[in-house]
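Engineer: Oh and the sequence shown: position 32 is 34 in my numbering, straight run, nothing missing. Glycine included, C-beta positions come from ideal geometry on N, C-alpha and C. These figures come from a predicted structure and were not determined experimentally.
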Amino acid sequence: MSRLNTVSQAFLRWRRSAGSSRNETILSHAASMCDGTQVSEDELREVIDVLVRRGLVTGPTSLADQLPDPAQLTDQGVICVVDHEGDVQKWTSSNRPGSIDQSTNVGGQGNQVVAHSSNVQQNQHTQINNNEVLREVAAQALAGLDEYEIGDEDADDVRRAAQRALDETAQGEPEPNRLKRLATNLWAALLAFANTAAGTTFAQQLRDLLLPLVNLGAA
């Protein structure tokens, strides 16, 4: 389990057990020792930001001045704790392929896909073209290689999957099974970004956008 998920699980479980009290912080509680290491203020801020984006807790979105006043669980946050012991990865998996946890706009000259807040239904302001969605995600994945540090071998996997998707969609949308395979290969390769909190969030946004393509033909 990644450090982000470990700290997220600790926070969610502590927040649930702490009830409605807003006069304490996890940093002064035994729950803040994760795998033998004390959770830092920076880690807590980062975790709260991710949990707010995923709709598991509500405000404040920044804890810069409000660390003693931690975010509260949403209904989905409670479900994550009760049904999945606070494991965000398990909760995320259980919510696929239902509603997509992104608000998505596809429009403009380049049909750019823009991911916004989490835990909302997908809003389609123009008709989504599967080919353009795959191409946009592939382009963002390649751009991410310059922004997030991942190993050379993993970077090669992402680069191959993304470039193949771009090459095979350059002349139009391939047949559905091929489109699904391209999306699935890219969806799997994006796990390579899951080494940091920022990389995990970036990868999750792109993987969520690919889900309708990965699930093409699913009953």
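Are the beta-carbon atoms belonging to V1 and S10 less than 8 Å from one another?
Structural biologist: Missing from the structure shown is residue 1; the chain here goes from 3 to 221 and no further.
Engineer: Inspect the beta-carbon positions of T94 and T76 and report whether they are closer than 8 Å.
Structural biologist: If you number the sequence shown from 1, residue 94 lands on position 92. If you number the sequence shown from 1, residue 76 lands on position 74. No, the Cβ-Cβ distance between T94 and T76 is not below 8 Å.
Engineer: Nearest to A143 by alpha carbon, out of K182, D89, V83, L193?
Structural biologist: Residue 143 sits at position 141 when you count from the first residue of the sequence shown. For the residues K182, D89, V83, L193, the minimum Cα distance to A143 belongs to L193.
Engineer: With distance defined between alpha-carbon atoms, name the residue in D44, L14, Y150 nearest to Q91.
Structural biologist: One-based indexing of the sequence shown puts residue 91 at position 89. In terms of Cα proximity to Q91, the closest of D44, L14, Y150 is L14.
Engineer: What does the alpha-carbon distance come out to for the pair V83 and A200?
Structural biologist: As a first step, residue 83 is located in the sequence shown; it is residue number 81 there, counting from the start. As a first step, residue 200 is located in the sequence shown; it is residue number 198 there, counting from the start. Taking the straight line from one Cα to the other gives about 23 Å.
Engineer: Quick one: is Q206 buried, meaning 16 or more other Cβ sit within 10 Å of its Cβ, or exposed?
Structural biologist: As a first step, residue 206 is located in the sequence shown; it is residue number 204 there, counting from the start. Q206 comes out buried.
Engineer: According to DSSP, which residues form a beta bridge with V9?
Structural biologist: Here residue 9 is taken as the residue at index 7 of the sequence shown, counted from 1. Its beta-bridge partners do not exist; DSSP assigns none.
Engineer: In whole angstroms, give me the CA-to-CA distance for Q74 and R17.
Structural biologist: The sequence position of residue 74 within the sequence shown is 72, counting from 1. The sequence position of residue 17 within the sequence shown is 15, counting from 1. Cα to Cα, Q74 sits roughly 7 Å from R17.
Engineer: Taking the continuous alpha helix (DSSP H) assigned at F204, which residues delimit it?
Structural biologist: Mapped onto the sequence shown, residue 204 falls at position 202. Element bounds for F204: 199-216.
Engineer: When you compare the CB positions of L188 and A164, do they come within less than 8 Å of one another, or not?
Structural biologist: Indexing the sequence shown from 1 puts residue 188 at position 186. Indexing the sequence shown from 1 puts residue 164 at position 162. Their beta carbons are under 8 Å apart, which means L188 touches A164 by this criterion.
Engineer: Rounded to the nearest angstrom, what separates L46 and T198 at their Cα positions?
Structural biologist: Start at 1 with the first residue of the sequence shown, and residue 46 comes out as number 44. Start at 1 with the first residue of the sequence shown, and residue 198 comes out as number 196. Roughly 14 Å between the two C-alpha positions.
Engineer: When the Cα atoms are used, what is the spatial distance from T177 to Q78?
Structural biologist: To locate residue 177, count along the sequence shown from 1; it is residue 175. To locate residue 78, count along the sequence shown from 1; it is residue 76. According to the sequence provided, residue 177 is Glu. The question's Thr does not apply to it. Each residue's Cα considered, the two are about 37 Å apart.
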